[in-house]
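Visitor:
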Amino acid sequence: MKVTIQQLKQWKQQGRPITVLTAWDYALGTILDQSGVDVLLVGDSLAMVALGYDNTLPLQLDDMIHHAQAVCRGAKRALVVCDLPFLSYQSSPQQALESAGQILKRTGVQGVKLEGGYPDMAETVNFLVMRGIPVMGHVGLTPQSVHQLGGYRRQGRSAAQAAEILQAALSLEQAGAFAIVLEHIPADLAATITQKLSIPTIGIGAGLACDGQVLVTADILGLSDWQPPFAKVYLEMRSQITDAVERYCADVKQRRFPTQE
1083 MKVTIQQLKQ WKQQGRPITV LTAWDYALGT ILDQSGVDVL LVGDSLAMVA LGYDNTLPLQ
1143 LDDMIHHAQA VCRGAKRALV VCDLPFLSYQ SSPQQALESA GQILKRTGVQ GVKLEGGYPD
1203 MAETVNFLVM RGIPVMGHVG LTPQSVHQLG GYRRQGRSAA QAAEILQAAL SLEQAGAFAI
1263 VLEHIPADLA ATITQKLSIP TIGIGAGLAC DGQVLVTADI LGLSDWQPPF AKVYLEMRSQ
1323 ITDAVERYCA DVKQRRFPTQ E
């Protein structure tokens, strides 16, 4: 049975942790879905892990649609959410509606995610929700603002920053967001936000108190050259792939493959 937004809210009330991982193609969408992951996020992190960019900023709307279509073909159970890429929603609520509408109409995802929580963004979230588009928020470290933030640094360390992030989360809930990602903020701040919100919080580098956790799948599989300090590597897949490819190349060069049969 397909995971729904309503179930996520029920799981928060029940204290049942929510699992979220990123996906960017059919194979990964299928494997993660069959492994029981609750939510698949077609995150703009695919810019780095799948397309080789230095950050998320170069992605176009059509890039996200292309990858979301592939993930949705493989995801039969998990809820699928797609990031709105940089400058596809910041100009105005109407721009956000057009971008989000294209994603929902052309991919089959169940919701979109956007970054930021300042008043203008809460207005945008409400504009989308009132028109039937489910929205997941994202506060704390917002990668699309990497240059403005001075790099991928922990946010919310000062009292003023913490208050700003809390207010952003509250405003997004009030605007109608169905869940909020809390990225790279102190655990006590994430715990406070989680307690104050009635919608699920999904943490990434935000401690154990969040209602769910998300990581970039390339990080947990050990595919990336570098992982953030809050990631956990469950499989050294990069080295395993390298070993398999080297053995294949050796077999071909030494005429051990294919066999004579």
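Numbering (our numbering), first residue to last: 1083 to 1343.
In this text, a Cβ means the ideal position worked out from N, Cα and C, and glycines have one as well.
Treat the numbers as computed from the prediction; the structure is a model and nothing was measured.
Roughly how many whole angstroms lie between the Cα atoms of G1219 and R1338?
Guide: What you label residue 1219 is simply residue 137 of the sequence shown in a count that begins at 1. What you label residue 1338 is simply residue 256 of the sequence shown in a count that begins at 1. For G1219 and R1338, the distance between alpha carbons rounds to 54 Å.
Visitor: Have a look at A1269 and T1324 and give me their C-alpha separation to the nearest angstrom.
Guide: Taking the first residue of the sequence shown as 1, we reach residue 1269 at position 187. Taking the first residue of the sequence shown as 1, we reach residue 1324 at position 242. Computed Cα separation, rounded: 37 Å.
Visitor: How is C1331 classed by DSSP in three states: helix, strand or coil?
Guide: Here residue 1331 refers to the residue found at position 249 when the sequence shown is read from its first residue. Here C1331 sits in helix by DSSP.
Visitor: Examine the Cβ distances between the stretch 1086 to 1104 and the stretch 1122 to 1131 and report whether three or more of them are shorter than 8 Å.
Guide: yes
Visitor: Return the CA-CA distance between Y1200 and Q1172, expressed in angstroms with no decimal places.
Guide: As a position in the sequence shown, residue 1200 is number 118, starting the count at 1. As a position in the sequence shown, residue 1172 is number 90, starting the count at 1. Taking the straight line from one Cα to the other gives about 11 Å.
Visitor: Distance, Cα to Cα, T1274 vs A1313?
Guide: The residue labelled residue 1274 in the question sits at position 192 within the sequence shown. The residue labelled residue 1313 in the question sits at position 231 within the sequence shown. Computed Cα separation, rounded: 22 Å.
Visitor: Less than 8 Å separating the beta-carbons of P1167 and D1145?
Guide: Counted from its first residue, the sequence shown places residue 1167 at position 85. Counted from its first residue, the sequence shown places residue 1145 at position 63. In terms of Cβ geometry, P1167 and D1145 form a close pair [threshold 8 Å].
Visitor: Could you work out which residue in G1285, G1125 and Q1256 is closest to V1211 when comparing CA atoms only?
Guide: To locate residue 1211, count along the sequence shown from 1; it is residue 129. Of G1285, G1125 and Q1256, the residue nearest in Cα terms is Q1256.
Visitor: Give me the DSSP bridge partner(s) of G1118.
Guide: In the sequence shown, counting from the first residue as 1, residue 1118 sits at position 36. The partner list for G1118 (beta bridge, DSSP) is empty, contrary to what the question assumes.
Visitor: Quick one: what's G1193 bridged to in DSSP?
Guide: Numbered from 1 along the sequence shown, position 111 holds the residue referred to as residue 1193. Bridge partners of G1193: V1163.
Visitor: When the distance is taken between beta carbons, is A1204 closer than 8 Å to S1174?
Guide: By one-based count along the sequence shown, residue 1174 stands at place 92. By one-based count along the sequence shown, residue 1204 stands at place 122. No.
Visitor: So, is K1335 buried or exposed, given that buried needs 16 or more other C-beta atoms within 10 angstroms?
Guide: Within the sequence shown, residue 1335 is the residue found at index 253, counting from 1. Answer is exposed; the Cβ neighbour count stays below 16.
Visitor: Which residue comes first and which comes last in the beta strand (DSSP E) that contains L1279?
Guide: Sequence index remark: in the sequence shown, residue 1279 carries index 197 (1-based). Careful: L1279 lies outside any beta strand (DSSP E) and carries neither H nor E.
Visitor: Going by the CB atoms, is the gap between Q1142 and V1163 shorter than 8 Å?
Guide: Counting from one through the sequence shown, the residue named residue 1163 turns up at place 81. Counting from one through the sequence shown, the residue named residue 1142 turns up at place 60. Not a contact, by the Cβ cut-off of 8 Å.
Visitor: Taking the alpha-carbon positions, what's the Q1088 to P1282 distance?
Guide: Along the sequence shown, read from residue 1 onward, the residue named residue 1088 stands at position 6. Along the sequence shown, read from residue 1 onward, the residue named residue 1282 stands at position 200. Cα to Cα, the separation comes out at about 11 Å.
Visitor: Expressed to the nearest angstrom, what Euclidean distance is found between the alpha-carbon atoms of T1086 and V1263?
Guide: By one-based count along the sequence shown, residue 1086 stands at place 4. By one-based count along the sequence shown, residue 1263 stands at place 181. One C-alpha to the other measures close to 17 Å.
Visitor: Determine the closest residue to E1265 out of Y1234, I1147, L1123 and S1181, with distance taken between C-alpha atoms.
Guide: Reading the sequence shown from its first residue, position 183 is the one you call residue 1265. Comparing Cα-Cα distances from E1265 to each of Y1234, I1147, L1123 and S1181, the minimum goes to Y1234.
Visitor: Rounded to the nearest angstrom, what separates Q1230 and I1247 at their Cα positions?
Guide: Within the sequence shown, the letter at position 148 stands for residue 1230. Within the sequence shown, the letter at position 165 stands for residue 1247. Looking at the two C-alpha atoms, the distance is approximately 16 Å.
Visitor: How far does the alpha helix (DSSP H) with E1265 in it extend, from its first residue to its last?
Guide: For the purposes of this step, residue 1265 is taken as residue 183 along the sequence shown, with counting starting at 1. Annotation for E1265: no alpha helix (DSSP H) segment contains it, though the beta strand (DSSP E) segment containing it runs A1261 to E1265.
Visitor: How big is the Cα-Cα spacing for Y1316 and I1302?
Guide: Taking the sequence shown and counting its residues from 1, one reaches residue 1316 at position 234. Taking the sequence shown and counting its residues from 1, one reaches residue 1302 at position 220. Approximately 5 Å between the Cα atoms of the pair.
Visitor: Alpha carbon to alpha carbon, how far is I1185 from Q1342?
Guide: Here residue 1185 is taken as the residue at index 103 of the sequence shown, counted from 1. Here residue 1342 is taken as the residue at index 260 of the sequence shown, counted from 1. Each residue's alpha carbon lies about 50 Å from the other.
Visitor: Excluding five sequence neighbours on each side, which residues of the same chain lie with their C-beta closer than 8 Å to the C-beta of Y1330?
Guide: To locate residue 1330, count along the sequence shown from 1; it is residue 248. Contacts found: F1339.
Visitor: Would you list the residues sitting across from Q1295 in a DSSP beta bridge?
Guide: Here residue 1295 corresponds to residue number 213 of the sequence shown, with the count starting at 1. For Q1295, which the question treats as bridged, DSSP gives the partners T1101 and G1285.
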